[in-house]
Amino acid sequence: MKDPAGPGRGEPAERSTGIAGLDELIRGPRPGDNVVLRVDQLSLYRDFCRRAALRGGAAGDRLAYFRFARHESLLNEEECRRLGVEICHLPLDQGFEHFITTAHGHILELGPRAVLFFDSLSELSECAYSDRMIGNFFQLTCPLVLRTGSLAWFALVRNVHSAHAVTPLQETTQIFLDLYGLPPGPAGEPPAGLDPGNIPGDVSGNIPGDLPGREGTFFFRPVKTDGRNDRALGTLFRWGPEAPRDLVPLTDSDGVTRVLNQLPWPGLPGAGYRQAGVWDRTFLQARKSSRDQERLLRLIIARDGPVFELARRFFSVADLQQIWRRMIGTGFIGGKAVGMLLARAILLRDRARWEPLLEPHDSFFVGSDVYYTFLVINDCWWERQRQKRPETFLEGTSEVRQRILQGRFPPYIMARFAEMLDYFGTSPVIVRSSSLLEDNFGNAFAGTYESVFCTMQGTREERLREFLAAVLKIYASTISDTALRYRRDRGILDQDEQMALLVQRVSGAPCAPTPEAPRSGWFFPHLAGVAFSFNPYAWHPEIDPRAGVVRLVFGLGTRAVDRSDDDYTRVVALNAPERRPEAGADEVRRHAQRRVDLLDLQEGRERSLYFSDLTARLDQEEAELLLPRVARRERHTARPVWTLTFDSFLRDSSFVADMRELLETLREAYGTDLDVEFTLLLGPSGGYRMNLVQCRPLQIQLRKKASPGATFPDPRPRQILLDTRSGVVGCGGTFPVSRILLVSPRGYAELSTQERYEVPEVLRAVTTAGPPPDRGLPEQGALVLLGPGRWGTTMPSLGVPVGGSDLGAAKVLCEIDQMHQGLIADMSLGTHFFHELVERDLLYLAVRLGREGTVLDLDWLEGQENFLGDYLPARKVQRWQGVLRVLHFRQGLELIAESRSQRALLYFKECCADTYD
């Protein structure tokens, strides 16, 4: 095993565990060490003791076996005789005092070169009826072993003891290791990626006379190394007979989770110190009755409503108790967490179908009451009440946000945070907002609150600081202007909105590590994306909107849900995956994803880099696994050049069929259309595992708008303002248009970057105001937004940096491909900005001026009377009238749009054609 902390930091081991890689990992064992192994099966401890005994015997150590338990002997009589092991019998029936003094007498008599093997300490609780007595025994024995310079091995059975036993052992011992066996796969077979295969022969090569014919595989997870190698704490290492000298860090999320999830989670170590108040007693005493189920649902899921009914159908009492065991604090777990858990519960009703495909989860939940308590103890509660009133909702928000960012948690919450991070170790996590209203029926809050990646690569203290910074950033986002305006626009300022947190292991695998540090390099899922059960972007007649659509990316899914204004993604219609919006190989190449979002483990941050730079760092094994399945190698290039197309993966894997079935299963259960976010890890044999990280209902019933097709008139050229034959996304139909708000491409191009950031505020003054009553405009007339480049961009050089709250009463958003050549409609599909369009029932058009058949009469629009003065004070009109133009139409202007034919027509009806002369 290569040292994750780098070479040259350890001291040579004077003793050995019998596994060279483990010796290197723990920088020992050393004289005086106490080593505690926490196991699920005593057979693992037995095998481990036999290895250590063989090593100690070969080194000439004095070996002693402390026998007191009723379980099968760790070393049988023949092994003890062959290796010269002295058996020290300790009586359990004569009281604790006699037991411990007898043990200490043997330790002193055996002397400094002794290696001591103790039966499982878990047996002590059966005779003493107390976990505290296990802790007492160890706290008295461990210093004696250290003083005599001997080496002692202990075991504790996992998940059967309270913190009264575990904490004293962990605090007193020098070495504490979690030891796991190979987890079974879905059909009793080892899961992919964990099975060493059928390896002939024995496991010799570590020490002479090793265990012939033994083909076991262990997983070690250091919990404590006495400061010798703290950077390895929490990392899972695999030992197998195929490489008996090495420990290999298990770093892909699927493998780690499968090993750790072999047994039901008992709760964080400190959970034993709960005072068992009403909240905890309710979970502890719950039975399988429907009454108990409903009581638990109302404590952590929802009080009522559609989510409550769904949860009642798919969550058992045992499911709810398992959620409770993974909670920090009390309260609800929030909409995002509920959506993820519900989707998994729905699918796993058919366990044989979905369990082999789904990556298991081991997420934790920070209850909403923790947020509430945080506000109270950091003196933020009173100010937060102002945010519930429309007349004061933006007052003092910056001061409160700063107070939150500098806030503190009570010690008992900090202790639970630390215990949770000990569980994850050095595996990256993402801390996600999961508020009470988020991802619920009626409100998506897409992109409104923060989610923060934590690479978790530092010391224990550094990892805790990184996690706390993420939590505080999310808490502060609850009173951001964006979040408050979102709530104001939907009339929910006065609703109870508390922030729970979902802490998820980042799905992915390391890539391009350095030889000296296996956990360096980059970490990301091979593929990720967002999938919709209904496809609002049917760009070809063969595409069935009801089959669904996927937006697929390489790397972290942030590139799929955040607007990447200078890049593209792959959009897949699930009934016609070979159909692309692009026409021809040149367009495919031009609109391919070029940048990859990932976690840089060395630098400890999220970053983006070019796909070409990533491919240059891949080793041969990584390149052979990934590149042929996700990319196409370009011909006639001096060096290998790869273009991300995903064609081979979509063609050769079961992904398309799996995703269609998954979406239909969830849609049937939810009773509405929905979207899911997912990640994929590719396996070496051509398969994959999917991690379902989010599921939420779409906020409108898109399918009800899926009309059989619109009938387009044949107006004369002089009647047409706009005619586009591509890029129609959303609910089509026929709209009378009374207002057009044009962001002039020429005027916008002349603005500085700072001035472009001011445009949304001015634009919002128009979109949030109704038609002026004295202008005679029809009340039902639509407001059309028309402007250059990407709307919703974070880069003003590429478009208009509006947010969802800036769209106001607009019914149509039309992007013109000026400033952003090659604009295609899929840029918005699946992003957080797209969810804003969906929630507002807003039609999206992408106008490509160079495409045949496209008409847009910008000159006429620029030359009409500007009614901006109806919405802005005179001083602002003078400044902005060359950039923003508001056009009024009393009658006759009509928009017809239809997504199946990918056409939108804005024209003057015959009766009013003269208006356009």
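Going by UniProt numbering, the first residue of the sequence shown is number 1, and it counts up by one from there.
Virtual Cβ for every residue (Gly too), placed ideally from N, Cα, C.
Keep in mind it's a predicted model, so treat the numbers as computed, not measured.
Query: Strand pairing of V180, partner residues [DSSP]; Result: In the sequence as presented, Val is not what sits at residue 180; that position holds Tyr. For Y180, which the question treats as bridged, DSSP gives the partners F219.
Query: Three-pair Cβ contact test at 8 Å for the region 467-481 versus the region 529-544; Result: no
Query: Reference D292; option with closest CA among F315, G305, R851; Result: F315
Query: Sequence-distant residues of its chain with Cβ nearer than 8 Å to R147 (five each side left out); Result: G32
Query: Distance CB(A286)-CB(L320) smaller than 9 Å; Result: yes
Query: Three CB pairs or more closer than 8 Å across the region 896-906 and the region 742-749; Result: no
Query: V160 in three-state terms, based on DSSP; Result: coil
Query: Range covered by the beta strand (DSSP E) that runs through I323; Result: Where I323 is concerned, there is no enclosing beta strand (DSSP E), although the alpha helix (DSSP H) it sits in stretches over 317-325.
Query: Spatial distance of E677 from C695 (CA atoms); Result: 7 Å
Query: Assumed close pair V886, L868 - CB separation to whole angstroms, cut-off 8 Å; Result: 5 Å
Query: Reduced DSSP category for C142 - H, G, I as helix; E, B as strand; rest coil; Result: helix
Query: Opposing strand residues paired with I720 [DSSP bridges]; Result: Y907
Query: T734 - partner residues in DSSP beta bridges; Result: I896
Query: L116 versus E466 - alpha carbon distance; Result: 40 Å
Query: Of the listed residues I430, V728, R605, L663, nearest to G458 (C-alpha basis); Result: R605
Query: Residue span of the beta strand (DSSP E) that contains Q694, given as start and end; Result: 688-697
Query: Residue environment, N34, which counts as buried when at least 16 other CB atoms sit within 10 Å; Result: buried
Query: Between the CA atoms of Q495 and S648 - distance to the nearest angstrom; Result: 48 Å
Query: Straight-line gap, S43 to D119 (C-alpha atoms, nearest Å); Result: 12 Å
Query: Beta-bridge partners of N34, as assigned by DSSP; Result: A152
Query: Alpha-carbon spacing of residue 933 relative to V506, whole angstroms; Result: The structure shown has nothing for residue 933, since the chain only spans 1 to 917.
Query: Backbone secondary structure at D210 - three-state DSSP; Result: At D210 the pLDDT is 33, less than 50, meaning the model places this residue with poor confidence and gives no usable figure here.
Query: Separation of R325 from Q602, as counted between CA atoms; Result: 33 Å
Query: Which residues DSSP lists as bridging Q504, in chain order; Result: I430
Query: Expected contact under 8 Å - CB spacing of V596 and F554 to nearest Å; Result: 6 Å
Query: Contact check, V145 vs I87, beta carbons under 9 Å; Result: no
Query: CB contact below 9 Å: T558 versus chain B; Result: This model lacks chain B altogether; it includes just one protein chain.
Query: Presumed contact (8 Å Cβ cut-off) between R460 and N229, rounded CB distance; Result: In fact, because the Cβ distance is near 12 Å, the residues do not count as touching under 8 Å.
Query: Helix, strand or coil at D64 [DSSP, three-state]; Result: Per the sequence shown, the amino acid found at residue 64 is Ala instead of Asp. Three-state result, A64: strand.
Query: Through-space distance from R590 to Q780, alpha-carbon basis; Result: 41 Å
Query: Complete alpha helix (DSSP H) runs within the region 595-650 (minimum length 4 residues, chain order); Result: 611-617, 620-630
Query: Residue(s) in a DSSP beta bridge with C380; Result: BP columns for C380 are empty, so no partner.
Query: CB of V530 within 9 Å of CB of S363, strictly; Result: no
Query: Beta-carbon spacing of I333, F365 below 9 Å; Result: yes
Query: Assigned secondary structure, K388 (DSSP; H/G/I helix, E/B strand, else coil); Result: coil
Query: Residue span of the alpha helix (DSSP H) that contains D675, given as start and end; Result: Per DSSP, D675 belongs to no alpha helix (DSSP H); it is in the beta strand (DSSP E), 674-682.
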